[in-house]
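Take a look at the structure below.
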Amino acid sequence: MSSEDYLKDISEIKNLMSKSSRFISLSGLSGVLAGTYAILGAVYAYWLVNKSERGYLILDGQIFRLVLLDMLIVLVLSISTAVYLTTLKAKKNGEKIWDATTKRLLTSFLIPLVAGGIYTLIILKQQRYGQTGALMLLFYGLALVNASKYTLGYVKYLGITEIILGLLCAVYPGYGFWFWVIGFGVMHIVYGILMYFKYEKQ
Amino acid sequence: MKNLLNNINKAFDHRIRLGIMSILVVNEYADFNTLKELLGATDGNLASHSKALEKVGFIRVEKQFIGRKPNTKYYATALGKEEFKKHVEALERLIKGK
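Here it is, written out as structure tokens:
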């Protein structure tokens, strides 16, 4: 065997290791779109609250229900965009959308996220509203870091960024709205663009 | 040169065998079809190479049934992981040595 053969062996080993353990078809573009939805949703919520007579949010008003609906729409749109674009990309890469890698990716993402979601609801129910923004960011970040070992490297850095924002948000709960906009809006766009240029644009 | 070649393991001296080990060291296990697809190997080809690796104790095979379909799972043993690591390190040294 020549040196070239050894080199080929090594690159084949690396290729198989990553192909068999990581889902690489995550779409960066869907991150950009999710961030855009989040910002639009936040602008709408901001406008709703400010045009109301009170000028701040209380929990059992009409406006609160609208804000909740607004957030729900952002969530559903983001998830469906991500699933759609990722499926497209997986098809293009010849990667399966539903195999051991994606199952592992989803379970490791969903366990911290669902636990955090339920915990946030409990906190809301106890009327401790100040911490919800921080909790959402924190658990979302933990879920990302946990899932990152099964997908593209940038997901880990996005997760760490969300965790830091969540902790800062816990210290300054008054600025919860802005941390939320940065975490779910701006950061998704930033990391989406980074991922797009690193992995998709050839 | 002789020294360097000591750690090049004959058991890994084939694309399919090297591939099986690469997949198994980073995954808890892999089943027959997953390996087949990832390696682009035929049934017979994969079966004979996995048998060779099993014989030297580098992988462990678990057969079970899911419903009525047989399902074979492959695991890397501690020995297999250790030997594979040495092999990869030897390859890297060979490349750097040039």
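Top line first, the protein sequences correspond to chains P and Z.
Using our numbering, you'd call the opening residue of the first sequence number 1105 and step up by one each time.
Using our numbering, you'd call the opening residue of the second sequence number 61 and step up by one each time.
Backbone N, C-alpha and C define an ideal beta-carbon position, used for all residues, glycine too.
The DSSP-derived three-state label of residue 128 (chain Z) is coil.
Taking 8 Å as the cut-off, the beta carbon of residue 1113 (chain P) is found no closer than this to the beta carbon of residue 1145 (chain P). Residue 1116 (chain P) belongs to the set of residues whose beta carbon lies under 8 Å from a beta carbon in chain Z. Under the Cβ criterion of 8 Å, residue 69 (chain Z) is not counted among the residues facing chain P.
Here residue 128 (chain Z) has no same chain residue with a Cβ atom under 7 Å from its own Cβ, once five neighbours each way along the sequence are excluded. With respect to chain P, the C-beta atom of residue 152 (chain Z) has a partner C-beta closer than 8 Å.
Linking residue 111 (chain Z) to residue 1290 (chain P) through their CA atoms gives a straight-line distance of about 52 Å. Close partners of residue 1123 (chain P) in chain Z (Cβ separation under 7 Å): 98.
For residue 1286 (chain P), no alpha helix (DSSP H) run applies, since DSSP gives it neither H nor E. Nearest Cα to residue 1201 (chain P) within the set P:1123, P:1300, P:1281, P:1177: P:1123.
Of the candidates P:1127, P:1108, P:1132, the residue whose Cα lies closest to the Cα of residue 1298 (chain P) is P:1132. In the pairwise beta carbon analysis, the segment 1230 to 1238 of chain P is classified as not touching the segment 1148 to 1157 of chain P: fewer than three pairs are separated by under 8 Å. Within the segment 1194 to 1242 of chain P, the complete alpha helix (DSSP H) segments of 4 residues or longer fall at 1204 to 1229, listed in chain order. With at least 16 other beta carbons inside 10 angstroms of its own, residue 143 (chain Z) counts as buried. Here residue 1109 (chain P) carries a helix assignment [DSSP, helix/strand/coil]. By the 16-neighbour rule on beta-carbons within 10 angstroms, residue 126 (chain Z) is exposed. If you ignore the 5 residues before and after residue 85 (chain Z), its C-beta comes within less than 7 Å of the C-beta of 136, 141, 144, all in its own chain and listed in chain order. By DSSP's assignment, residue 91 (chain Z) forms a beta bridge with Z:133. Within the model, the alpha-carbon separation for residue 133 (chain Z) versus residue 116 (chain Z) is close to 17 Å. Residue 1127 (chain P) carries a strand assignment under DSSP once its states are collapsed to helix, strand and coil. The shortest CA-to-CA distance from residue 1203 (chain P) to any of Z:98, Z:154, Z:113 is the one to Z:98.
By the neighbour-count definition (other C-beta atoms within 10 Å, threshold 16), residue 1193 (chain P) is a buried residue. The CB of residue 1129 (chain P) never comes closer than 7 Å to any CB in chain Z; the least such distance is about 15 Å. If you ignore the 5 residues before and after residue 1189 (chain P), its C-beta comes within less than 6 Å of the C-beta of 1131, 1133, 1134, all in its own chain and listed in chain order. Taking a 10 Å sphere around the C-beta of residue 106 (chain Z), we find 16 or more other C-beta atoms and assign the residue as buried. If you draw a straight line from the Cα of residue 1182 (chain P) to the Cα of residue 1214 (chain P), it is about 16 Å long.
Minimum Cα-Cα distance from residue 1281 (chain P) among the listed residues P:1295, P:1241, P:1293, P:1255 corresponds to P:1241.
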